[in-house]
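Asker: These protein sequence lines are chains A and B, in that order. The end of the first sequence is residue 177 by full-length UniProt numbering, with every number in the run present. The end of the second sequence is residue 177 by full-length UniProt numbering, with every number in the run present. Each residue gets a CB set at the ideal place from its N, CA and C atoms; glycine is no exception.
Number of protein chains: 2
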Amino acid sequence: MLELAILGFLYDAPLHGYVLRRHIAALTGHVRPVAESTLYPAIKRLEKAGLLVRATEPGAVAAPRHVLTLTAEGGRELMRRLAEPAQREITDENHWFTLLAFLRHLADPAAQAAVLRRRLAFLEEPASFFYDGDRPLSAEELDDPFRRGVLTIARATSRAELAWLRDTLASLDGVGR
Amino acid sequence: MLELAILGFLYDAPLHGYVLRRHIAALTGHVRPVAESTLYPAIKRLEKAGLLVRATEPGAVAAPRHVLTLTAEGGRELMRRLAEPAQREITDENHWFTLLAFLRHLADPAAQAAVLRRRLAFLEEPASFFYDGDRPLSAEELDDPFRRGVLTIARATSRAELAWLRDTLASLDGVGR
DNA sequence: AGACAATACATCGCCAACGAGGTATGCCGC
DNA sequence: GCGGCATACCTCGTTGGCGATGTATTGTCT
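Below is the structure:
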């Protein structure tokens, strides 16, 4: 998730670590803050893997900066991660939102649609959070107001996302033809 | 999150690991599956911390089971984790849903309401995913259909959750008086 | 002059999660 | 009688995230 965000932001423009960190904080920080001690090692990992290169520049305000630029291999890796996300990226909303934030980089509308269809398939599976044996329980069957809340919220999210997915898939298919 | 779920399920009734695993899979497995190699070490951690005890029983169907029972200290720890969740448990939907699934165990309606109010405060903060400088961007301002989707879905979730929070807080306050 | 915040980057050690693999039992179908 | 599946538990090595801490510079407020 973090690596995807790094690659995604750098695909737009070279950035140094500090600015990158603020970009990531804006994107997902209110839900899941990124520690510096997570970001900088992640950058090193990606550098070591040849996905980005660093160039030292005198700092505009303070200490020298390491400007990060995506390599060609880094761009290809981003495309792979966008086009063939692991199942966790599809099912976990945090991961999924990060993926959506950069899905436009995947130039091919058909490839974009394929990813959306994976999410659609996931959402269309009957799944609850609470069961009576194998039978999923509906919000109305629960006494517990908190568990009822979970189902109510999840259902609202699901409904909104399904509507958006179908709309967006329709317009992507329109482009493809 | 995982430890909270273990404590929460065991608060209802003693269980052995295998059944516990299926309970957890039903609760959060469709979003974030739990590996066995994560669950069993977690159980050991909680045992070592004195939060639960294990009793070996002949297996009903197969190998012998380790029936897990919450200790008094385990019950108190559950209450602490429910009443004073870390900020991550409030902001991250995955964690938050797990917390909600067990919040009924916290007997005091005022304590339950206090937790809901923390989530309410978080949701009422103006926060987006995408910014133009410091200004949050609305869905309408975005060209990118995928980023627009993120905002549309997040907004629908937020609206549903705010309504539920206000309802539930009102009825919890009604009980307290 | 001194405190403090923001900028900018880095390392260390701890721990949680995970995949891969292992062990063993009981049941069902073939 | 043998393979496959569900039950039931476990360990090991790797990786990733994180808090604590460190280093240096510039600008601002007092």
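Under a Cβ-count criterion, where at least 16 other Cβ atoms within 10 Å of its own Cβ denotes burial, should G149(A) be classed as buried or exposed?
Answerer: Position 149 of the first sequence, counted from the start, is the residue given in the question as residue 149(A). It is buried - the Cβ of G149(A) has at least 16 other Cβ atoms within 10 Å.
Asker: In chain B, what lies closer than 7 Å to D108(A) by C-beta?
Answerer: The count along the first sequence starts at 1 and reaches residue 108(A) at position 108. Residues of chain B passing the Cβ test: none, with the nearest at roughly 14 Å.
Asker: Decide if E84(A) is buried, meaning its Cβ has at least 16 other Cβ atoms within 10 Å, or exposed.
Answerer: Position 84 of the first sequence, counting from 1, holds the residue named residue 84(A). E84(A) is classed as exposed because its beta carbon has fewer than 16 other beta carbons within 10 Å across all chains shown.
Asker: Assign T157(A) to one of three DSSP states: helix, strand, or coil.
Answerer: Position 157 of the first sequence, counted from the start, is the residue given in the question as residue 157(A). If DSSP states are grouped into helix, strand and coil, T157(A) belongs with the helices.
Asker: According to DSSP, is P136(B) part of a helix, a strand, or is it coil?
Answerer: By one-based count along the second sequence, residue 136(B) stands at place 136. In the three-state reduction of the DSSP assignment, P136(B) falls in the strand class, which pools E and B.
Asker: Taking only beta-carbon positions, decide if P145(B) is within less than 8 Å of chain A.
Answerer: Residue 145(B) sits at position 145 when you count from the first residue of the second sequence. A Cβ of chain A is located within less than 8 Å of the beta carbon of P145(B).
Asker: Consult DSSP for H105(A) and reduce its assignment to one of helix, strand or coil.
Answerer: Here the question's residue 105(A) lines up with position 105 in the first sequence. Reduced to three states, the DSSP call for H105(A) is helix.
Asker: May I ask you to list the residues that DSSP assigns as paired with V53(A)?
Answerer: Residue mapping note: residue 53(A) aligns to position 53 of the first sequence, counting from 1. V53(A) is bridged to T69(A).
Asker: Using only CA atoms, which one of S128(A), D167(A) and L15(A) lies nearest to L52(A)?
Answerer: Here residue 52(A) is taken as the residue at index 52 of the first sequence, counted from 1. If we check each option's Cα against that of L52(A), L15(A) comes out closest.
Asker: Looking at the structure shown, is L15(A) part of a helix, part of a strand, or coil, going by DSSP?
Answerer: Residue numbering aside, residue 15(A) sits at position 15 when the first sequence is read from its first letter. Looking at L15(A) - three-state DSSP - the assignment turns out to be strand.
Asker: Does the segment 148–165 of chain A come close enough to the segment 115–130 of chain A to have 3 or more Cβ pairs within less than 8 Å?
Answerer: yes
Asker: For the candidate residues E77(B), L106(B) and E89(B), whose alpha-carbon lies nearest to that of E49(B)?
Answerer: Counting from 1 along the second sequence, the entry for residue 49(B) is found at position 49. Looking at the sequence itself, residue 49(B) is Ala, so the reference to Glu does not match. Out of E77(B), L106(B) and E89(B), E77(B) has the C-alpha closest to the C-alpha of A49(B).
Asker: For L103(A), go through chain B and note every residue whose CB falls closer than 7 Å to its CB, in chain order.
Answerer: Translated into positions along the first sequence, residue 103(A) becomes position 103. Within 7 Å Cβ-Cβ: F146.
Asker: When the distance is taken between beta carbons, is N94(B) closer than 8 Å to T168(B)?
Answerer: Counted from its first residue, the second sequence places residue 168(B) at position 168. Counted from its first residue, the second sequence places residue 94(B) at position 94. No, Cβ-Cβ distance for T168(B) and N94(B) is not below 8 Å.
Asker: Between the segment 66–99 of chain B and chain A, which residues of the former have CB atoms less than 8 Å from a CB of the latter, in chain order?
Answerer: R88, T91, D92, E93, N94 and F97
Asker: Ordered along the chain, which non-local residues of its own chain (more than five positions away) have a Cβ less than 6 Å from that of A55(A)?
Answerer: For the purposes of this step, residue 55(A) is identified with residue 55 of the first sequence, where counting begins at 1. Around A55(A): V67.
Asker: With a CB to CB cut of under 8 Å and the five nearest residues on each side skipped, what residues in its chain are close to L106(A)?
Answerer: Locating residue 106(A) in the first sequence gives position 106, where the first residue counts as 1. Taken in chain order, the residues that qualify are M79, L82, A83, Q112 and V115.
Asker: Is F129(A) closer than 8 Å to F97(B) when the C-beta atoms are compared?
Answerer: Residue 97(B) sits at position 97 when you count from the first residue of the second sequence. Residue 129(A) sits at position 129 when you count from the first residue of the first sequence. Cβ distance < 8 Å, so F97(B) and F129(A) count as in contact.
Asker: Using a Cβ-Cβ cut-off of less than 9 Å, give me the residues of the segment 149–169 of chain B that come near chain A, in sequence order.
Answerer: G149, V150, T152, I153, A154, R155, A156, T157, R159, A160, E161, A163, W164, L165, D167 and T168
Asker: Could you list which residues in chain B have their beta carbon closer than 8 Å to that of V31(A), in chain order?
Answerer: Residue mapping note: residue 31(A) aligns to position 31 of the first sequence, counting from 1. The contacting residues are T91, D92 and E93.
Asker: Between R65(A) and E57(A), is the Cβ-Cβ spacing less than 8 Å?
Answerer: Taking the first sequence and counting its residues from 1, the one referred to as residue 65(A) is at position 65. Taking the first sequence and counting its residues from 1, the one referred to as residue 57(A) is at position 57. The Cβ-Cβ distance between R65(A) and E57(A) falls below 8 Å.
Asker: Could you tell me which residues DSSP pairs with Y131(A) in its beta bridges?
Answerer: Your numbering for residue 131(A) matches position 131 in the first sequence. For Y131(A), which the question treats as bridged, DSSP gives the partners P136(A).
Asker: Would you mind reading off the limits of the alpha helix (DSSP H) that contains R88(A)?
Answerer: The count along the first sequence starts at 1 and reaches residue 88(A) at position 88. First-last of the alpha helix (DSSP H) with R88(A): Q87 to T91.
Asker: Quick check: L100(B) and L7(B), are their CB atoms within less than 8 Å of each other?
Answerer: The sequence position of residue 100(B) within the second sequence is 100, counting from 1. The sequence position of residue 7(B) within the second sequence is 7, counting from 1. Not closer than 8 Å, so no.
Asker: Less than 7 Å between the CB of V34(A) and some heavy atom of the ligand MG, yes or no?
Answerer: Looking at this structure, you won't find the ligand MG or any other ligand, since it has none at all.
Asker: Beta carbon of A139(A), beta carbon of T157(B): below 8 Å?
Answerer: On the first sequence, position 139 is the one that residue 139(A) refers to. On the second sequence, position 157 is the one that residue 157(B) refers to. Using a Cβ distance threshold of 8 Å, A139(A) and T157(B) do not count as a contacting pair.
Asker: Going along the chain, which residues of the segment 126–140 of chain A sit with their C-beta nearer than 7 Å to a C-beta in chain B?
Answerer: A127, F129 and Y131
Asker: In this structure, how does DSSP classify E84(A) when only helix, strand and coil are distinguished?
Answerer: Indexing the first sequence from 1 puts residue 84(A) at position 84. E84(A): coil per DSSP, three-state reduction.
Asker: Mind checking V34(B): buried by the 16 CB within 10 Å criterion, or exposed?
Answerer: To locate residue 34(B), count along the second sequence from 1; it is residue 34. Buried, because 16 or more other Cβ atoms sit within 10 Å of the Cβ of V34(B).
Asker: Decide if T38(B) is buried, meaning its Cβ has at least 16 other Cβ atoms within 10 Å, or exposed.
Answerer: Your numbering for residue 38(B) matches position 38 in the second sequence. Per the 10 Å Cβ criterion, exposed.
Asker: Taking Cβ positions only, does A114(A) come closer than 8 Å to chain B?
Answerer: As a first step, residue 114(A) is located in the first sequence; it is residue number 114 there, counting from the start. So, not an interface residue.
Asker: Rounding to the nearest angstrom, what Cα-Cα distance links residue 181(B) and E89(B) in this structure?
Answerer: Since the first residue of chain B shown is 1 and the last is 177, residue 181(B) is not available in this structure.
Asker: Please report the residue range of the alpha helix (DSSP H) in which P41(B) lies.
Answerer: Residue mapping note: residue 41(B) aligns to position 41 of the second sequence, counting from 1. Note, P41(B): alpha helix (DSSP H), E36 to K48.
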